[in-house]
Every structure is written in structure tokens, then in C-alpha cells.
Amino acid sequence: EALDDLYMKYGFYDHQLINLCFDSKKDQNAQAHIMSELRTNLPSSFAGEMISKMIDFTQPFKQKSTYYKIGSTNILSLFFENHLKITIRPSGTEPKLKIYGEIFSKTKHQIPDSLHKHKKILSTKLNKVLSELSNFIKGI
């Protein structure tokens, strides 16, 4: 109940994590290949959600008139319309790719029933994008 009150006041946030596991450390080459393919051959949308921006943390990037250079950090962040964000990176300790999905809605609801419907719609949207992206990566 208290959490629903916060959602109604500030909006809804959901996040999920998918781990794509590989057989062994030798599959790091496969992980590098996948990250390279994502950088060069990324579709413009997943599950009908358009990608509006990609930040490749191996390259300098500009955010709100400030330039950042992280260095050799092997991370990609995909920003979609409708406050959806996906971040992809290899694990530093295990043979797997980590895919973080986040969605945020600033929509404020006064009726708890509509809040629950809205949360379900957003979570379903995030699940669909993550699922389609995972299948795309597995096909690389």
C-alpha cells in the first residue's frame, strides 16, 4: 500500500536482469563478437519499441552539453522511446553477458486500479523488449 502511494505520487519504475551464460572462459571471444555486432548491426527497434539513442561507453559521448570519456569500458546502453533503457555488458567474473532492463513512467495515477494496470503494461513491455533482444543476441 505504501509503495502504491509512492507510485501514484512519483510514477512507476521497474527493472529486470537477464544473464546470457556461456560454456567457459574461452567463450569470451564469442562475447566480444556479440558486443561488436551490437555496435555495428543493431536493429532500430525491439518488440515495436524504437531505439532513440545508443551510448557506447568505449567512445566519448556527450550528455547535456558535457563530454564524457569512460575509456575501455565494454558497455552499451540503449535508450528507447517511452523511458525504456537497456544496458548490456560482459560479466567481469563469469562467462556471461548481463542485460539490464529498466522502465520508468512519470504518469501519476489517482486510482489504484489504473496504477496496477499501468504497472502490468509497462512490465510486459519491458519483458517483450528484453526477450526479443535476448533472442537477437543468441542468433549472433
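For this note's numbering, add 14 to where a residue sits in the sequence shown, where the first one is 1.
Even glycine gets a Cβ: it sits at the ideal position worked out from N, Cα and C.
Only a predicted model underlies this, so the values are computations on that prediction, with no experimental measurement involved.
Strand pairing of residue i, partner residues [DSSP]
i, result
"Thr-80", "Gln-77"
"Ile-69", "Ser-91"
"Arg-1", "Any property of residue 1 remains undetermined from this structure, which presents the chain solely from 15 to 154."
Cβ separation of residue i and residue j, assumed to be a contact under 8 Å, to the nearest whole Å
i, j, result
"Gly-115", "Leu-140", "5 Å"
"Ile-117", "Leu-98", "5 Å"
"Phe-93", "Met-64", "In fact, because the Cβ distance is near 10 Å, the residues do not count as touching under 8 Å."
Buried versus exposed, by CB contacts within 10 Å (16 or more), residue i
i, result
"Glu-108", "exposed"
"Leu-20", "exposed"
"Leu-17", "exposed"
"Ser-66", "exposed"
"Ser-38", "exposed"
Contacting residues, own chain, Cβ-Cβ under 7 Å from residue i (five flanking each side not counted)
i, result
"Lys-2", "Given a span of 15 to 154 for the chain in the structure shown, any question on residue 2 remains unanswerable."
"Ala-44", "Phe-36"
heavy atom of the ligand MN below 7 Å from residue i C-beta
i, result
"Leu-98", "No copy of the ligand MN occurs in the structure displayed, which carries no ligand at all."
6 Å CB neighbourhood of residue i in its chain, flanking five on each side removed
i, result
"Asp-41", "Pro-109"
Say whether the segment 28-35 touches the segment 57-73, bearing in mind that this needs 3 or more beta-carbon pairs closer than 8 Å, one atom from each stretch.
no
Taking 8 Å as the cut-off, does the segment 102-121 touch the segment 38-54 (at least 3 CB pairs, one atom from each stretch)?
yes
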